[in-house]
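Q: Just passing along the structure, written as structure tokens.
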């Protein structure tokens with residue numbers, strides 16, 4: 158007999174999570190609107206070039222150890238490896254993400270043994286635009302997961318494939334932000350005089366965005382010479398170079414910004430999609446299940462300092478081809494980052510996962526995770542991050558539903 162989706166989950170979410178959500182978003186919006194924006198006429202949303210190639214791999218480590226008035230040395234730590242790749246052209250977008258986490262710990266009592274959990278998640282999506290590069294597109298995706306949890310039997314591999322239809326486009330505008338920073342720096346050192354028009358910023362950004370093309374054409378050892386030379390041509394043709402040349406100082410300043418500094422990634426636009434899924438296997442061993450899902454993603458920079466990214470998605474399994482007999486999962490991933498300076502960013506993340514059970518005897522689940530911290534760019538490969546994390550799990554009448562909080566310090570190594 159077909160069961161009805163549990164109503165109490167909706168009411169509980171509104172009562173327990175509504176105030177948190179409203180207050181959190183309200184606080185962040187107030188912070189955005191209270192800060193001054195750039196006096197420049199150009200906005201990051203003016204950058205519309207869809208051609209972009211980006212990849213980043215980072216290794217992070219948090220570790221704490223304690224000794225003294227206890228039976229044995231206690232410790233806990235978290236290790237993480239993150240890889241992001243995005244390849245974008247006029248008709249095609251391809252992105253891939255891999256995240257591996259391991260947490261390990263041991264208590265101070267002599268009977269406490271060491272514990273370890275491992276999580277590996279990866280996904281990739283390919284989007285092909287059908288006409289207008291900001292219009293309709295078809296896409297396909299693959300999600301893979303592996304985990305080894307202490308004391309858990311649900312450790313089977315997870316895999317799911319998807320195919321769908323979407324509309325819209327999110328454009329990476331980081332090259333324009335880098336161009337603005339370069340031109341501001343050259344102006345500060347007196348190498349640029351006069352007004353810099355919007356088209357100059359955009360042409361300069363186009364050269365920056367083509368770094369991979371220069372590497373492919375001239376090689377990794379020689380490409381910078383031609384790369385900087387074409388940037389100089391853009392400024393020279395605009396008639397704003399003081400001595401008709403960048404000179405050694407100008408090249409060093411551009412190199413310092415583009416190579417040695419990290420620029421907070423900027424995006425703008427929106428996209429939405431509806432898809433059909435096929436669950437090959439989940440962590441509990443279930444397989445051969447079709448499903449469906451929808452998503453909406455929005456990105457917007459506020460001035461030259463703030464960056465907001467929000468993605469909401471819904472998914473469910475179609476049991477025997479019927480909708481409503483399986484759990485309904487809603488996720489919301491919210492990021493709001495602020496560039497305090499060239500070497501410091503303020504990063505904020507809020508993840509909300511809701512699982513509404515169709516079985517009236519099962520409890521709905523609400524997971525909240527908030528992370529806020531300062532990221533310090535110590536060099537072109539070493540970063541440090543200090544912050545606060547809050548997590549909360551609400552599932553039925555579970556008495557252990559307190560908010561867990563943690564103050565952490567993390568060292569991050571950028572592999573490439």
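Residue numbers (our numbering): 158 to 573.
Ideal Cβ positions, reconstructed from N, Cα and C, are used throughout, including at glycine.
1. Are residue 293 and residue 332 close, meaning C-beta to C-beta below 8 Å?
2. Going by the beta-carbon positions, is the gap between residue 388 and residue 411 smaller than 8 Å?
3. Please report the straight-line C-alpha distance between residue 357 and residue 395, rounded to a whole angstrom.
4. Is the stretch 283 to 298 touching the stretch 435 to 452 in the sense that three or more CB pairs, one from each, lie closer than 8 Å?
5. Under a Cβ-count criterion, where at least 16 other Cβ atoms within 10 Å of its own Cβ denotes burial, should residue 532 be classed as buried or exposed?
6. Closer than 6 Å by C-beta to residue 260: which residues in its own chain qualify, once you throw out the five before and the five after it? Chain order, please.
7. Measuring straight from C-alpha to C-alpha, what distance separates residue 336 and residue 530?
8. So, for residue 492: in the same chain, excluding its five sequence neighbours on each side, which residues have a beta-carbon less than 6 Å away from its beta-carbon?
9. Please give me, in chain order, every unbroken run of the beta strand (DSSP E) with length at least 3 that falls completely inside the stretch 446 to 522.
10. By a C-beta neighbour count over all protein chains shown, 10 Å radius and 16 as the cutoff for buried, is residue 570 buried or exposed?
11. Using only CA atoms, which one of 512, 257 and 536 lies nearest to residue 552?
12. Who pairs with residue 303 in a beta bridge, going by DSSP?
13. Taking just the CA atoms, how far does residue 269 sit from residue 458?
14. Under 8 Å between C-beta atoms, does residue 510 make it to chain D?
15. Let me make sure I understand the geometry here. Which of 317, 325 and 257 has the alpha-carbon closest to that of residue 289?
16. For residue 210, name the three-state secondary structure that DSSP assigns.
17. With burial defined as no fewer than 16 other Cβ atoms inside 10 Å of the residue's Cβ, what is the status of residue 350: buried or exposed?
18. Would you kindly report the start and end of the unbroken alpha helix (DSSP H) that includes residue 410?
19. Would the stretch 236 to 246 count as touching the stretch 215 to 222 if we require 3 or more Cβ pairs under 8 Å?
20. Start and end of the beta strand (DSSP E) containing residue 567?
21. Please list the segments of the alpha helix (DSSP H) lying wholly inside the stretch 288 to 363, counting only runs of 4 or more residues, in order along the chain.
22. Closest to residue 328 by C-alpha separation, out of 406, 518 and 246, would be which residue?
23. Going by other Cβ atoms of all chains shown within 10 Å of its Cβ, with 16 needed for buried, is residue 398 buried or exposed?
24. Looking only at its own chain, which residues have a Cβ that is under 8 Å from the Cβ of residue 391, when we skip the five neighbours before and after it?
25. Within 10 Å of its beta-carbon, does residue 340 have 16 or more other beta-carbons around it, so buried, or fewer, so exposed?
26. Identify, in the order they occur along the chain, each residue of the same chain with its Cβ nearer than 7 Å to the Cβ of residue 371, setting aside the five sequence neighbours on each side.
27. For residue 474 versus residue 448, is the C-beta spacing smaller than 8 Å?
28. If you draw a straight line from the alpha carbon of residue 211 to that of residue 244, how long is it in whole angstroms?
29. Using 8 Å as the threshold, is the C-beta distance between residue 503 and residue 489 below it?
30. Straight-line CA distance for residue 264 to residue 224?
31. Taking the beta strand (DSSP E) that residue 263 falls in, what are its first and last residues?
32. Based on the DSSP output, what are the partners of residue 282 in its beta bridges?
33. Three-state secondary structure (DSSP) at residue 558?
34. Tell me whether residue 464 is buried or exposed, calling it buried when 16 or more other Cβ atoms sit within 10 Å of its Cβ.
35. Out of 368, 567, 348 and 499, state which residue places its alpha-carbon closest to the alpha-carbon of residue 404.
36. What are the residues that DSSP puts in a beta bridge with residue 245?
A: Taking the definition as stated:
1. Along the chain shown, read from residue 1 onward, the residue named residue 293 stands at position 136. Along the chain shown, read from residue 1 onward, the residue named residue 332 stands at position 175. Going by C-beta atoms, residue 293 is not nearer than 8 Å to residue 332.
2. Here residue 388 refers to the residue found at position 231 of the chain shown. Here residue 411 refers to the residue found at position 254 of the chain shown. Yes, the pair counts as a contact, with Cβ atoms nearer than the cut-off.
3. Residue mapping note: residue 357 aligns to position 200 of the chain shown, counting from 1. Residue mapping note: residue 395 aligns to position 238 of the chain shown, counting from 1. Taking the straight line from one Cα to the other gives about 7 Å.
4. Verdict: no, contact absent.
5. If you number the chain shown from 1, residue 532 lands on position 375. Under this definition residue 532 is a buried residue.
6. For this step, residue 260 is matched to residue 103 along the chain shown. Once the five neighbours on either side are set aside, the close Cβ partners of residue 260 are 235 and 274.
7. Here residue 336 refers to the residue found at position 179 when the chain shown is read from its first residue. Here residue 530 refers to the residue found at position 373 when the chain shown is read from its first residue. In a straight line, the C-alpha of residue 336 is about 27 Å away from that of residue 530.
8. On the chain shown, residue 492 is found 335 positions in, with the first residue counted as 1. For residue 492, where only same-chain residues beyond five positions count, the Cβ hits under 6 Å are 466 and 506.
9. 446 to 459, 463 to 474, 485 to 498 and 501 to 513
10. Translated into the one-based positions of the chain shown, residue 570 becomes position 413. So residue 570 ends up on the exposed side.
11. Position 395 of the chain shown holds residue 552. Each of 512, 257 and 536 was checked against the Cα of residue 552, and the nearest Cα belongs to 512.
12. Taking the chain shown and counting its residues from 1, one reaches residue 303 at position 146. Note: residue 303 sits in a beta bridge opposite 277.
13. For this step, residue 458 is matched to residue 301 along the chain shown. For this step, residue 269 is matched to residue 112 along the chain shown. Spanning the two alpha carbons is a distance of roughly 48 Å.
14. The structure shown contains no chain D; it holds only a single protein chain.
15. Taking the first residue of the chain shown as position 1, residue 289 is located at position 132. Out of 317, 325 and 257, 325 has the C-alpha closest to the C-alpha of residue 289.
16. For this step, residue 210 is matched to residue 53 along the chain shown. Three-state result, residue 210: strand.
17. Position 193 of the chain shown, counting from 1, holds the residue named residue 350. So residue 350 counts as exposed.
18. Translated into positions along the chain shown, residue 410 becomes position 253. Here the alpha helix (DSSP H) through residue 410 covers 404 to 412.
19. Taking a cut-off of 8 Å on C-beta distances, the stretch 236 to 246 touches the stretch 215 to 222, as three or more cross pairs fall below it.
20. Taking the chain shown and counting its residues from 1, the one referred to as residue 567 is at position 410. Its beta strand (DSSP E) spans residues 561 to 571.
21. 331 to 345
22. Along the chain shown, read from residue 1 onward, the residue named residue 328 stands at position 171. Taking the Cα of residue 328 as reference, the smallest distance to any Cα among 406, 518 and 246 is reached at 246.
23. Against the chain shown, residue 398 aligns to sequence position 241. By the neighbour-count rule (16 or more Cβ atoms within 10 Å), residue 398 is buried.
24. Walking along the chain shown from the start, residue 391 turns up at place 234. Excluding residues within five positions, the ones whose Cβ falls inside 8 Å are 357, 360, 361 and 364.
25. Here residue 340 is taken as the residue at index 183 of the chain shown, counted from 1. With 16 or more other Cβ atoms within 10 Å, it is buried.
26. Working through the chain shown from its first residue, we reach residue 371 at position 214. Taken in chain order, the residues that qualify are 380, 383 and 384.
27. For this step, residue 474 is matched to residue 317 along the chain shown. For this step, residue 448 is matched to residue 291 along the chain shown. Yes, the pair counts as a contact, with Cβ atoms nearer than the cut-off.
28. To locate residue 211, count along the chain shown from 1; it is residue 54. To locate residue 244, count along the chain shown from 1; it is residue 87. Each residue's CA atom was taken as its position, placing residue 211 and residue 244 some 6 Å apart.
29. In the chain shown, the residue the question calls residue 503 occupies position 346. In the chain shown, the residue the question calls residue 489 occupies position 332. No, these two residues do not count as a Cβ contact at 8 Å.
30. Along the chain shown, one-based indexing puts residue 264 at 107. Along the chain shown, one-based indexing puts residue 224 at 67. For residue 264 and residue 224, the distance between alpha carbons rounds to 10 Å.
31. By 1-based counting over the chain shown, the position of residue 263 is 106. Start and end: 249 to 263.
32. Residue numbering aside, residue 282 sits at position 125 when the chain shown is read from its first letter. 252 and 298, per the DSSP bridge assignment.
33. Reading the chain shown from its first residue, position 401 is the one you call residue 558. Three-state DSSP puts residue 558 in coil, outside helix and strand.
34. Start at 1 with the first residue of the chain shown, and residue 464 comes out as number 307. With 16 or more Cβ atoms within 10 Å of its Cβ, residue 464 is classed as buried.
35. Within the chain shown, the letter at position 247 stands for residue 404. Answer by Cα proximity: 348.
36. Translated into positions along the chain shown, residue 245 becomes position 88. DSSP output for residue 245 lists 209 and 250 as bridge partner(s).
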